[in-house]
Amino acid sequence: MIIRERSNWFLMLFIWRGSVLRKIIPQLLIITAFSVVVLYFKGNVYEYKVHLNPAIFTLLGLSLAIFMGFCNSASYERFWEGRKLWGALLIESRSLTRQVTTLINDDSKDSALKKQQFVRMIVALCWALNFQLRNKDPKYKLRNLLSEEHFKRIEDKKFLPVILLNLMAEWINEQNRNKKMDTIILSSIDAQLNSISQIIGGCERIASTPLPFAYSVLLHRTVYMYCFWLPFGLVDVVGWMMPVIVLFVSYTFIALDAIIQ
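Counting from 1446, one number per residue, gives the positions in the sequence shown under my numbering.
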């Protein structure tokens, strides 16, 4: 999770990085230009005056805000569940590292090297899951973490977190066959590997299950229809300030729509 340093209220007004403003500037410019055109023609379309009662937009805006609140809540719930899963992965990785490095009964240099390789596999799994969820190729990162033997085994594979988890399970089984751990430790480590597998599955579920498409389309259409009709409702009420007010309202709704998506 990226945690930004809190700025004062004034600097927050001009923060660019991490804001959706960059993505929605074209839409805001189009709506503002459309508002200026409506103002210039005083709400007339081909000499026909478009009369829209501002009270209509109050009711529509209230309904839209309630619906956007529901969608925003669903989006934040997905974010928070993902954050909890990633925190659980951090905890399980630390516990697994501690058990492997301290509870295996072999203090030889060769065993220390193998333990280091196992710890690197844990780190590689976290990186692989990170890149997989973002649809990026992590192999350039994993090449520096894994041994040549392990990297060759995953080089042509697709779902790398699970492949790495299987390699870790093979390593644990090898230690068990060599009598370097008892059944209690084996059971504990196997339970942690299962927990990591569940975390991977949970992250995959969140990434592959966005907000239902019907909700997204309905929200998207309603927001833009509202923003494009709003100038006709305000042109006779606020006059030359109408484009500014429309820009502010449009920024609020379109930015929330972008965040939800």
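Here a beta-carbon is modelled for each residue, glycine too, at the ideal position from N, C-alpha and C.
Rounded straight-line distance, which links the Cα of residue j to that of residue i
i	j	result
I1536	I1511	37 Å
Q1562	L1548	16 Å
N1623	D1552	14 Å
I1690	Y1521	28 Å
S1695	L1473	7 Å
S1556	T1546	10 Å
L1534	S1640	8 Å
N1580	G1532	21 Å
E1615	A1519	39 Å
L1558	T1542	14 Å
S1642	T1667	40 Å
Q1620	I1645	24 Å
K1597	Q1577	18 Å
T1654	P1471	28 Å
A1573	I1475	41 Å
L1663	G1684	31 Å
M1513	P1657	14 Å
G1488	K1494	6 Å
S1538	A1500	57 Å
I1629	E1526	31 Å
M1457	F1604	40 Å
V1490	M1687	17 Å
N1611	F1524	28 Å
S1464	K1560	43 Å
K1461	Y1669	Here residue 1461 turns out to be Trp, not Lys, going by the sequence shown. Approximately 23 Å between the Cα atoms of the pair.
K1554	N1453	54 Å
H1496	H1665	25 Å
R1467	L1530	29 Å
P1583	P1606	10 Å
N1498	Y1585	60 Å
R1595	K1602	Here residue 1595 turns out to be His, not Arg, going by the sequence shown. Approximately 12 Å between the Cα atoms of the pair.
T1697	E1492	32 Å
E1593	F1515	49 Å
Bridge-paired residues (DSSP) for residue i
i	result
Y1493	V1490
Rounded distance between the beta-carbons of residue j and residue i, thought under 8 Å
i	j	result
M1626	N1550	7 Å
L1609	A1636	Not really, about 18 Å apart at Cβ, beyond 8 Å.
I1469	I1705	At roughly 12 Å, the Cβ-Cβ gap does not stay under 8 Å, so I1469 and I1705 are not in contact.
L1692	T1477	5 Å
Y1671	L1509	6 Å
F1479	F1673	6 Å
Selection from the options that minimises the alpha carbon distance to residue i
i	options	result
N1618	L1631, I1608 and T1542	L1631
I1567	K1581, Q1544, L1578 and S1556	Q1544
L1638	C1571, W1525 and P1471	C1571
L1587	I1644, I1460 and E1600	E1600
L1590	V1564, Y1671 and S1508	V1564
S1540	I1634, M1687 and H1665	I1634
R1528	N1517, I1629, N1575 and L1497	N1575
D1702	K1603, T1628, N1517 and M1687	N1517
8 Å Cβ cutoff, residue i in contact with chain C
i	result
L1664	Annotation note: the requested chain C is absent from the structure, which comprises a single protein chain.
For this session: May I ask you to verify whether the region 1494 to 1506 touches the region 1649 to 1663, counting CB pairs closer than 8 Å and requiring at least 3?
Result: no
Exercise. Does the pairing of the region 1480 to 1492 with the region 1672 to 1689 give three or more beta-carbon distances under 8 Å?
Worked result: yes
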